[in-house]
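Below is one structure, written out as structure tokens; the observations come after it.
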Amino acid sequence: MISTIQNDAKLNSLRAYINSHKEMTRNDSLLIRVLQKAQEIIGYLPPEIMNFIAQEMSIPRAQVWGVATFYHYFFLKPVGKYIISVCMGTACYLKGAEKILKAFKEKLNINIGETTDDKLFTLIEARCLGACGLAPAVSINGTIYGQLDEKKAYNIIKKYINQSK
Ligand code: FES
């Protein structure tokens with residue numbers, strides 16, 4: 000029973016996606032794609048949706064939960080309008096990613112995996128954004144900002160706050 004999901008159209012859309020991949024083996028790589036699709040449609044992965052996926056794919060719930068909780072890009076709780084991924088990969092780490100992460104945490108008053116009370120920002124860590132030449136780098140909803148220092152980090156937040164007014 001999917002009680003907290005208001006919109007049946009979303010579930011139907013997810014079911015259609017799963018059915019369109021019926022011929023594929025029920026392995027973790029398909030499961031990741033289904034979870035990505037679910038997150039794209041719903042915004043995050045509430046328990047009801049993970050149970051729905053397990054049922055529709057005829058796989059154990061533990062498998063769905065295991066994959067969803069293993070990867071940092073799956074959200075188990077509602078997220079903010081802007082998702083800030085601070086790269087902690089080697090190149091960024093060596094160029095001061097920890098300071099950048101600290102700056103975001105202090106400015107937003109949240110920890111990794113948390114969302115600001117105004118639901119504007121969610122802060123997460125990434126392993127590599129594929130922009131090592133711009134280290135230290137962050138991605139905000141897919142837009143890359145590079146060669147950051149604390150001041151630039153603050154200014155970026157300010158920019159997004161102003162955009163949302
Ligand atoms: S290590 Fe940060 S972008 Fe590659």
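One point on numbering: in numbering that gives the first Met the number 0, the residue at position 125 of the sequence shown is 124, and numbering is uninterrupted.
Even for Gly, the Cβ is constructed at its ideal location relative to N, Cα and C.
Task: Where Cys91 sits in the DSSP three-state scheme - done: helix
Task: C-alpha gap between Asp7 and Leu44, whole angstroms - done: 16 Å
TODO: With distances taken Cα to Cα, identify the nearest neighbour of Ser12 among Cys91, Glu39 and Gly65.
DONE: Glu39
Task: Nearest residue (CA-CA) to Ile160, options Gly79, Lys21, Met49 and Ile58 - done: Gly79
TODO: Pick helix, strand or coil for Tyr159, following the three-state DSSP scheme.
DONE: helix
Task: Top-ranked residue by Cα proximity to Ala61, from Ala37, Arg126 and Leu30 - done: Leu30
Task: Given Glu55 as reference, the closest of Gln162, Arg126, Ile82 and Ile17 once Cα atoms are compared - done: Ile17
Open item on the list: Does the beta-carbon of Thr115, which I'm using as the reference point, lie nearer than 8 Å to any heavy atom of the ligand FES?
Closed with: no
Open item on the list: Quick check on this structure: which residue in Gln146, His20 and Thr114 has the alpha carbon closest to the alpha carbon of Pro77?
Closed with: Thr114
- [ ] Can you give me the Cβ contacts of Gly95 inside the same chain, cut-off strictly under 7 Å, excluding the 5 residues immediately before and after it?
- [x] Pro135
Task: Given Thr121 as reference, the closest of Glu22, Ala130 and Lys104 once Cα atoms are compared - done: Lys104
TODO: Kindly list the residues whose CB is nearer than 6 Å to the CB of Arg126, restricted to its own chain and excluding five residues on each side of it in sequence; keep chain order.
DONE: Gly88
Open item on the list: Can you list, in chain order, the residues of its chain with a C-beta nearer than 6 Å to that of Leu147? Leave out the 5 residues immediately preceding and following it.
Closed with: Ile99 and Pro135
- [ ] May I ask whether a heavy atom of the ligand FES can be found less than 8 Å away from the beta carbon of Ala136?
- [x] yes
Task: Complete beta strand (DSSP E) runs within the region 111-136 (minimum length 3 residues, chain order) - done: 120-125
- [ ] Would you list the one or two residues that DSSP bridges to Thr142?
- [x] Ile139
Open item on the list: Please determine whether the Cβ atom of Ala152 lies at a distance below 8 Å from any heavy atom of the ligand FES.
Closed with: no
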